[in-house]
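S.K.: Chains as they are written, first to last, in our numbering: chain A, 604 to 747; chain B, 604 to 747.
Once you've had a glance at the structure underneath, I'll fire off some questions.
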DNA sequence: GTCCATGCAAACTGTTTGCACGCGC
DNA sequence: GCGCGTGCAAACAGTTTGCATGGAC
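Dropping the structure here:
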């Protein structure tokens, strides 16, 4: 069992909520997903373990996880919301305007911006979210 | 008539689309709104000028404006999408978590990030939106 | 045994679309 | 006059919720 899954389960129990089989499966898939999952994709993967799990349960579990700050919801311009486990390094997103592909990246320049901003404005930056849009390599070629 | 409104109307005409009364009203409200507007707020304001304008028209017009790159859609975690006119220099936002104050800023580092990202991933970045949160100078002092 | 969590289906909300009419060009 | 743009209402998609049952504690 991965350490991420373990931490998710512990946090859920610590909040006084019950660790049901459905939640266990949902946490497992979230922990194993390396990228973002939307609600339907998550539900599909969870149903491999138990086909009777309903989409409503997935939504309710995600709501709980958001409340606990264990998971982050992103609206990247697509039809459905995407969710990602927040344990791990912060990162940013590039979304292709044509095919919707999401590329995650991180760069020390963001920290540099935060520092510059803090000094210039006398503010205290807690979190920075960078969202780039454009055309991915494949779609750039297709346009030519 | 503001220069922003004028540029919006010109851009719409230049794209070969018709400048109807409804679109005129929608562009006017978008140009006058200093902050972000969601679809319903925009429709309400437009209906002051003409109560018969439908929400569908607002959505259709916003879709056109998005296609032309005149307006940007933001999903800031709220129920509805927000839209903002994109004319003028690009800039980014810092929002104070306590008092809600918004500080607009720009930094060459963002362009640097775009370039780095383009080269590393082989992508073509069209637009980058940076959204920082934290505590403004006043609120930082209040917390101490 | 208590009561939270679930499955189901229906309700809800934001957004899109089909259609006939009307207006910009 | 042609054809895009509009209003209306219905359709749609994602998400939430009411209710009775079942399982975690």
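Glycine included, every Cβ here is placed at the ideal spot set by N, Cα and C.
This structure is a prediction, so every number in the text was calculated from the model and none was measured.
(1) If I follow the unbroken beta strand (DSSP E) through residue 736(B), where does it start and stop?
(2) Mind checking if residue 694(B) is an interface residue toward chain A, Cβ cutoff 8 angstroms exclusive?
(3) Please check if any C-beta of chain A sits within less than 8 angstroms of the C-beta of residue 698(B).
(4) State the start and end residues of the unbroken beta strand (DSSP E) segment that holds residue 716(A).
(5) With hydrogens ignored, establish whether the beta-carbon of residue 738(B) is closer than 7 angstroms to any heavy atom of the ligand NAD.
(6) Do residue 622(A) and residue 612(A) have their beta-carbon atoms positioned less than 8 angstroms apart in this structure?
(7) Do the region 667-679 of chain A and the region 649-658 of chain A make contact, defined as three or more Cβ pairs closer than 8 angstroms?
(8) DSSP beta-bridge partners for residue 653(A)?
(9) Check residue 630(B) in the structure and name its three-state DSSP category.
(10) Name, going along the chain, the residues of the region 721-744 of chain B whose beta-carbon falls closer than 7 angstroms to a beta-carbon of chain A.
(11) So with Cβ pairs under 8 angstroms, would you call residue 668(A) a contact of chain B?
(12) Give the straight-line distance between the Cα atoms of residue 719(B) and residue 698(A), rounded to the nearest whole angstrom.
(13) List the endpoints of the continuous alpha helix (DSSP H) containing residue 664(B).
(14) Going straight from the alpha carbon of residue 639(B) to that of residue 669(B), what length do you get?
(15) Out of 733(A), 636(A), 704(A), state which residue places its alpha-carbon closest to the alpha-carbon of residue 607(A).
(16) Less than 8 angstroms between the C-beta atoms of residue 633(A) and residue 731(B), yes or no?
(17) Just the C-alpha distance for residue 709(B) and residue 617(A), rounded to the nearest angstrom, thanks.
(18) DSSP three-state call for residue 608(B): helix, strand or coil?
(19) Classify residue 717(B): buried if its beta carbon has 16 or more other beta carbons within 10 angstroms, exposed otherwise.
(20) Suppose you measure from the CA of residue 723(A) to the CA of residue 696(A); what does that come to, to the nearest Å?
(21) By Cβ distance below 8 angstroms, which residues in the same chain neighbour residue 642(A) in space, the five residues on each side in sequence not counted?
(22) How is the beta strand (DSSP E) around residue 639(A) delimited, first residue to last?
(23) Quick one, are the C-beta atoms of residue 721(B) and residue 738(A) less than 8 angstroms apart?
(24) On the DSSP bridge list, what partners appear for residue 687(B)?
(25) Determine the closest residue to residue 725(A) out of 605(B), 645(B), 667(B), 741(B), with distance taken between C-alpha atoms.
(26) Taking the beta carbon of residue 713(B) as the centre, do at least 16 other beta carbons fall within 10 Å, making it buried, or is it exposed?
(27) Express the C-alpha separation of residue 644(B) and residue 614(B) in angstroms, rounding to a whole number.
(28) In the DSSP assignment, find the unbroken beta strand (DSSP E) run with residue 695(A) in it and report its ends.
(29) Alpha carbon to alpha carbon, how far is residue 652(A) from residue 671(B)? Give it in angstroms, no decimals.
M.R.: Looking at the atomic coordinates:
(1) In the second chain, residue 736(B) corresponds to position 133, counting from 1. Segment 727-738, the beta strand (DSSP E) holding residue 736(B).
(2) In the second chain, the residue the question calls residue 694(B) occupies position 91. Cβ-Cβ to chain A under 8 angstroms: no for residue 694(B).
(3) Walking along the second chain from the start, residue 698(B) turns up at place 95. No - not a single Cβ of chain A is within 8 angstroms of the one on residue 698(B).
(4) In the first chain, the residue the question calls residue 716(A) occupies position 113. Segment 711-724 is the alpha helix (DSSP H) holding residue 716(A); no beta strand (DSSP E) there.
(5) Among the components modelled here there is no ligand, and therefore nothing to report on the ligand NAD.
(6) As a working note, residue 612(A) is residue 9 in the first chain. As a working note, residue 622(A) is residue 19 in the first chain. Yes.
(7) Cβ pair count under 8 angstroms is below three, so no.
(8) For this step, residue 653(A) is matched to residue 50 along the first chain. Partner(s): none; residue 653(A) has no beta bridge.
(9) The sequence position of residue 630(B) within the second chain is 27, counting from 1. Residue 630(B) falls in the helix class under three-state DSSP.
(10) 724, 725, 726, 727, 728, 729, 730, 731, 732, 733, 734, 735, 736, 737, 738, 739, 740, 743
(11) As a working mapping, residue 668(A) is identified with position 65 in the first chain. Residue 668(A) does not count as touching chain B.
(12) Residue mapping note: residue 719(B) aligns to position 116 of the second chain, counting from 1. Residue mapping note: residue 698(A) aligns to position 95 of the first chain, counting from 1. Straight-line Cα distance between these residues: approximately 16 angstroms.
(13) By one-based count along the second chain, residue 664(B) stands at place 61. Start and end: 658-670.
(14) The count along the second chain starts at 1 and reaches residue 639(B) at position 36. The count along the second chain starts at 1 and reaches residue 669(B) at position 66. Those two C-alpha atoms are separated by around 14 angstroms.
(15) The residue you call residue 607(A) lines up with position 4 of the first chain. Out of 733(A), 636(A), 704(A), 636(A) has the C-alpha closest to the C-alpha of residue 607(A).
(16) Working through the first chain from its first residue, we reach residue 633(A) at position 30. Working through the second chain from its first residue, we reach residue 731(B) at position 128. No, the Cβ-Cβ distance between residue 633(A) and residue 731(B) is not below 8 angstroms.
(17) The sequence position of residue 709(B) within the second chain is 106, counting from 1. The sequence position of residue 617(A) within the first chain is 14, counting from 1. Straight-line Cα distance between these residues: approximately 42 angstroms.
(18) Looking up residue 608(B) in the second chain gives position 5. Residue 608(B): helix per DSSP, three-state reduction.
(19) Locating residue 717(B) in the second chain gives position 114, where the first residue counts as 1. Classification for residue 717(B): buried.
(20) Numbered from 1 along the first chain, position 120 holds the residue referred to as residue 723(A). Numbered from 1 along the first chain, position 93 holds the residue referred to as residue 696(A). If I take the Cα positions, the gap works out to 26 angstroms.
(21) Position 39 of the first chain holds residue 642(A). Closer than 8 angstroms at Cβ, skipping near neighbours: 658, 661, 662, 665, 683, 684, 686.
(22) Counted from its first residue, the first chain places residue 639(A) at position 36. Unbroken run through residue 639(A): none, as it is neither H nor E.
(23) Here residue 721(B) refers to the residue found at position 118 when the second chain is read from its first residue. Here residue 738(A) refers to the residue found at position 135 when the first chain is read from its first residue. Result no, Cβ atoms of residue 721(B) and residue 738(A) do not sit closer than 8 angstroms.
(24) In the second chain, counting from the first residue as 1, residue 687(B) sits at position 84. Paired residues: 675(B).
(25) Counting from one through the first chain, the residue named residue 725(A) turns up at place 122. When each option's Cα is compared against that of residue 725(A), the closest is 741(B).
(26) Numbered from its first residue, the second chain carries residue 713(B) at position 110. By the 10 Å Cβ count, residue 713(B) comes out buried.
(27) What you label residue 614(B) is simply residue 11 of the second chain in a count that begins at 1. What you label residue 644(B) is simply residue 41 of the second chain in a count that begins at 1. Straight-line Cα distance between these residues: approximately 24 angstroms.
(28) Taking the first residue of the first chain as 1, we reach residue 695(A) at position 92. DSSP places residue 695(A) inside the beta strand (DSSP E), whose first and last residues are 695-699.
(29) Here residue 671(B) refers to the residue found at position 68 when the second chain is read from its first residue. Here residue 652(A) refers to the residue found at position 49 when the first chain is read from its first residue. Distance between the alpha carbons of residue 671(B) and residue 652(A) is about 45 angstroms.
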